[in-house]
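**Q** First the structure, then my questions, so here it is.
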Amino acid sequence: MAIYKAPLEDMRFVLNDVFQAEHLWSSLPPISEVTRDLSDAVLEEAGKMVENLLFPLNRDGDEEGCHFEDGVVTTPKGFKDAFKTYAENGWTAFSGNPEFGGQGMPKSLAVLFEEMMHSANSSFALYPALTNGATLCLDAHASDELKQAYLPKLYSGEWAGTMCLTEPHCGTDLGILRTKAVPQDDGSYQISGTKIFITGGEHDMVDNIIHLVLAKLPDAPAGSKGISLFLVPKFLPDAEGNPGERNGVAAGSIEHKMGIKGSATCVMNFDSAKGWLVGEINQGLACMFTMMNYERLSIGIQGLGLGEASYQSAVDYARERIQGRAATGAANPDGAADPIIVHGDVRRMLMTMRALNEGGRALSAYVGIQLDLVKFSEDEEARRKAADRVALLTPVAKAFFTDRGFETTVLGQQVFGGHGYIREWGMEQFVRDCRISQIYEGTNGIQALDLAGRKVTRNGGRYVESFLAEVRHWIEENGQEAGLDGVREPLVAAVDRLQVATEELLRQAGDNPDAVNASAVEYLDLFGYVTYAWLWAMMMVNAAGRDDDFGRAKMITGRFYFERLLPRGEALARQLKAGAETMMSLDADLF
Ligand SMILES: Cc1cc2nc3c(=O)[nH]c(=O)nc-3n(C[C@H](O)[C@H](O)[C@H](O)COP(=O)(O)OP(=O)(O)OC[C@H]3O[C@@H](n4cnc5c(N)ncnc54)[C@H](O)[C@@H]3O)c2cc1C
2 MAIYKAPLED
12 MRFVLNDVFQ
22 AEHLWSSLPP
32 ISEVTRDLSD
42 AVLEEAGKMV
52 ENLLFPLNRD
62 GDEEGCHFED
72 GVVTTPKGFK
82 DAFKTYAENG
92 WTAFSGNPEF
102 GGQGMPKSLA
112 VLFEEMMHSA
122 NSSFALYPAL
132 TNGATLCLDA
142 HASDELKQAY
152 LPKLYSGEWA
162 GTMCLTEPHC
172 GTDLGILRTK
182 AVPQDDGSYQ
192 ISGTKIFITG
202 GEHDMVDNII
212 HLVLAKLPDA
222 PAGSKGISLF
232 LVPKFLPDAE
242 GNPGERNGVA
252 AGSIEHKMGI
262 KGSATCVMNF
272 DSAKGWLVGE
282 INQGLACMFT
292 MMNYERLSIG
302 IQGLGLGEAS
312 YQSAVDYARE
322 RIQGRAATGA
332 ANPDGAADPI
342 IVHGDVRRML
352 MTMRALNEGG
362 RALSAYVGIQ
372 LDLVKFSEDE
382 EARRKAADRV
392 ALLTPVAKAF
402 FTDRGFETTV
412 LGQQVFGGHG
422 YIREWGMEQF
432 VRDCRISQIY
442 EGTNGIQALD
452 LAGRKVTRNG
462 GRYVESFLAE
472 VRHWIEENGQ
482 EAGLDGVREP
492 LVAAVDRLQV
502 ATEELLRQAG
512 DNPDAVNASA
522 VEYLDLFGYV
532 TYAWLWAMMM
542 VNAAGRDDDF
552 GRAKMITGRF
562 YFERLLPRGE
572 ALARQLKAGA
582 ETMMSLDADL
592 F
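The following block contains the structure:
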């Protein structure tokens, strides 16, 4: 059976030791009250909640899935009650705006909470994840009237939110969407069209569902410049602000899918539904990006969380399962065989999983810190720098966490041998649940394009330059630390490699319009491996002084990362250098 315990010690290490988050929070007035004691206690409570409330529903939720009948969607047994408890205990308000009932917790803490949620029950975690993104978007772009009417109910968990972008003929290319918004005399809009694949579009866990919908006015300019954003509730609020008349929006069906079966993925039909504009006319995509950027990091963390859950179960199994003998002689002479954790190849899998999970956790906390700076810093220059960092690293976090998360869940399944393929063990569920994270919220190919195109070649490499300067500065300051013995040179070489690859990408982009699209994935992967190397170096500097099991394990895992995983970047740099020629020269009808 799969097991899961929130990795509290590692989370505290990252937050408190590596990033000294308390020090940062104390300098940011809106969150200056958040102390280390408070954040440790919050993580502990969150851990108990996910372990006791959500994880026990994970397997059964997968077996049962969601149900659809006459437009009504029912979530798996236990989800509704669990959501009620989850909301009553305030988890739905975690990092919401306190002006409207949110708890205003730092993002650097929230990312660790989100990881636990996805480890314990990814299907369940998606419902609050969509609501959180919707509240961020409304808080940033909606009128005061809309904020007053909707945010308190969304933070309290009475209502939930969705993100309605995708249509049958368009997913990546939202510029061609067809959903229409017709202005009404009372200032509202009539929304008509069909959205597909809408996570949490309809379900039974809340009293009202608030859809954030992209649509076009009749006279809108073509393409993405003509998209506006609307708030469309399932029930129109009555005079007291409670769910009143049913609006013209309903689920037409739910999808039957490979994984995340407890998450309702709905076709949503909007039939002259009443909606209200959020933000300016024709600025809908820019507004929606507030939600999409939140979701991108959150979905990245889905990959990370599932990788961690898979790792913990794989270690547990590797200690118990006995097969064969250790190459150095029997480790369990009284038993018929040794536990498989003695074998090098099993250790290769476990160490790979562990090194990728811990590197990813550090990067998610780093991005969380940048988001705290963007939101709360009073220093304009610090806010700008952090915003550049978030822009650069969001696609990396989304794609690299989920690609590595998928690799990790497959390795965890492999550790179980044939049992990994059998449903009751739960390991194949982690693989299936993780697979979608590479596809939705913009495929990983599109994330790579965002990085290599918008964030690198289209701004002349400035974001990368500033990021690499931060890494080099850190190396200058910390390079002589004992914890870096043996990894200093590979780290410097990796940073140089990323710089050369960035220059190569910029050069190729100038020569060949296909270059960026053809090499973006290799570039993003290289970026991810180098960034993890820096974060591993930071962790090693902090762990080196510790004379305990945690410190020893951290140092060995760090060395493994540098010796066995970082070298993947060398091949990626060579692939990138080869350019687009072979890829683009085969005629489409010869494939
Ligand atoms: C379970 C599930 C839940 C979802 N939840 C939501 C939700 O809540 N809200 C919502 O709005 N949507 C949701 N989606 C939709 C999801 O975001 C899209 O499926 C995804 O963005 C890809 O769009 P598409 O399926 O239309 O693929 P397409 O856009 O048709 O892409 C097909 C392939 O072509 C590639 N491609 C396309 N354009 C380019 C390009 N310019 N350069 C290089 N490669 C390209 C893609 O990377 C992909 O590999 C969900 C989907 C699923 C399956």
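Per the working numbering, the sequence shown starts with residue 2, numbered consecutively.
Beta carbons: idealized from backbone N, C-alpha and C, even for Gly.
1) Examine ligand 1 and report whether any of its heavy atoms sits within less than 7 Å of the Cβ of ASN518.
2) Cβ of PHE231 within 8 Å of Cβ of ALA216?
3) Under 7 Å from any heavy atom of ligand 1, does the C-beta of MET164 make it?
4) Should ASP339 be labelled buried (16 or more other beta-carbon atoms within 10 Å of its own) or exposed?
5) Ignore the nearest five residues each way along the sequence and tell me which others in GLY369's own chain have a CB closer than 6 Å to its CB.
6) Report the three-state DSSP secondary structure of LYS235 (helix, strand or coil).
7) Please find out if some non-hydrogen atom of ligand 1 comes closer than 7 Å to the beta-carbon of CYS171.
8) From ILE211 to GLY446, what does the alpha carbon distance come to, in whole angstroms?
9) Shortest alpha-carbon distance to TYR151 belongs to which of GLU478, ASN98, ASN122, GLY201?
10) Have a look at the DSSP bridge pairing and note the partners of GLU168.
11) Under the DSSP definition of a beta bridge, which residues are partnered with ARG247?
12) Suppose only complete runs of 4+ residues qualify. What are the alpha helix (DSSP H) ranges in the segment 138 to 214, listed by chain order?
13) Whole angstroms is fine: what's the gap from LEU469's alpha carbon to LEU577's?
14) Examine ligand 1 and report whether any of its heavy atoms sits within less than 7 Å of the Cβ of GLY446.
15) Check whether the Cβ atoms of MET541 and GLY484 sit closer than 8 Å, and answer yes or no.
16) Report buried or exposed for GLN21, applying the criterion of at least 16 other Cβ atoms within 10 angstroms of its Cβ.
17) For a test of the three-state rule: what should DSSP assign to PRO31, helix, strand or coil?
18) Between the alpha carbons of ARG13 and ALA252, how many angstroms are there, rounded?
19) Run through DSSP, which three-state label would PRO334 get?
20) Short check: CB of VAL531 to CB of ALA572, under 8 Å?
21) Under 7 Å from any heavy atom of ligand 1, does the C-beta of GLY454 make it?
22) Helix, strand or coil for LEU278? Go by DSSP, reduced to three states.
23) According to the neighbour-count rule (16 or more other Cβ atoms, all chains shown, within 10 Å of its Cβ), is GLU203 buried or exposed?
24) Entirely within the segment 518 to 558 and at least 3 residues each: give me those beta strand (DSSP E) ranges in chain order.
25) Could you say which of GLY263, MET2, GLY360, SER27 lies nearest to ALA83 if we only look at CA atoms?
26) Quick check on this structure: which residue in CYS267, GLU471, GLU10, TRP26 has the alpha carbon closest to the alpha carbon of ASP71?
27) What did DSSP end up calling LYS81 once you bin it into helix, strand or coil?
28) Consult DSSP for LYS578 and reduce its assignment to one of helix, strand or coil.
29) Run through the DSSP bridge pairs and tell me what GLU70 is partnered with.
30) What do you reckon, is the C-beta of LYS258 under 7 Å from a heavy atom of ligand 1?
31) Should GLU442 be labelled buried (16 or more other beta-carbon atoms within 10 Å of its own) or exposed?
32) Alpha carbons only, please: which of TRP160, PRO30, LEU507, GLN371 is nearest the one belonging to ALA88?
33) For PHE271, which beta-bridge partners are listed by DSSP?
34) Count the CB pairs spanning the segment 113 to 129 and the segment 49 to 60 that are closer than 8 Å, and state whether there are at least three.
35) Report the residue from ALA319, ASP373, ASP404 whose alpha carbon sits nearest the alpha carbon of ASN358.
36) CB of ILE440 to nearest heavy atom of ligand 1: below 7 Å?
**A** On the basis of the coordinates in this document:
1) Because some heavy atom of ligand 1 lies under 7 Å away, the Cβ of ASN518 counts as near it: yes.
2) Yes. Within cutoff.
3) Yes - ligand 1 has a heavy atom lying nearer than 7 Å to the Cβ of MET164.
4) Flag for ASP339 reads buried.
5) Excluding residues within five positions, the ones whose Cβ falls inside 6 Å are LYS108, SER109, VAL112.
6) DSSP places LYS235 outside both helix and strand once states are collapsed to three, so it counts as coil.
7) Yes, ligand 1 has a heavy atom inside 7 Å of this Cβ.
8) Looking at the backbone, the Cα of ILE211 and that of GLY446 are separated by about 30 Å.
9) Comparing C-alpha distances from TYR151 to each of GLU478, ASN98, ASN122, GLY201 shows the shortest one belongs to ASN98.
10) Beta-bridge partners assigned by DSSP to GLU168: CYS171.
11) ARG247 is bridged to PHE236.
12) Here the runs fully enclosed are 145 to 157.
13) Distance between the alpha carbons of LEU469 and LEU577 is about 19 Å.
14) Placement of the Cβ of GLY446 at a distance of less than 7 Å from at least one heavy atom of ligand 1 is found.
15) In this structure, GLY484 lies closer than 8 Å to MET541 by Cβ.
16) Counting Cβ neighbours within 10 Å, GLN21 comes out exposed, since fewer than 16 surround it.
17) Reduced to three states, the DSSP call for PRO31 is helix.
18) The alpha-carbon atoms of ARG13 and ALA252 are separated by roughly 42 Å.
19) DSSP places PRO334 in coil when its eight states are reduced to three.
20) Between VAL531 and ALA572, the gap from beta carbon to beta carbon reaches 8 Å or more.
21) Between ligand 1 and the CB of GLY454, the shortest heavy atom gap is not smaller than 7 Å.
22) Residue state, collapsed to three classes: strand.
23) Counting Cβ neighbours within 10 Å, GLU203 comes out buried, since at least 16 surround it.
24) For the segment 518 to 558, not a single whole beta strand (DSSP E) run of length 3 or above is found.
25) Ranking GLY263, MET2, GLY360, SER27 by Cα distance to ALA83 puts GLY263 first.
26) For ASP71, the nearest C-alpha among the options comes from CYS267.
27) In the three-state reduction of the DSSP assignment, LYS81 falls in the helix class, which pools H, G and I.
28) Per DSSP, reduced to three states, the secondary structure at LYS578 is helical.
29) Answer by DSSP bridge pairing, in chain order: VAL73.
30) Result yes, Cβ under 7 Å from ligand 1.
31) Buried: at least 16 other Cβ atoms inside 10 Å.
32) Answer by Cα proximity: TRP160.
33) GLY194, VAL250, per the DSSP bridge assignment.
34) Segments in contact, yes.
35) Of the candidates ALA319, ASP373, ASP404, ASP404 places its Cα closest to the Cα of ASN358.
36) Flag set: Cβ of ILE440 near ligand 1.
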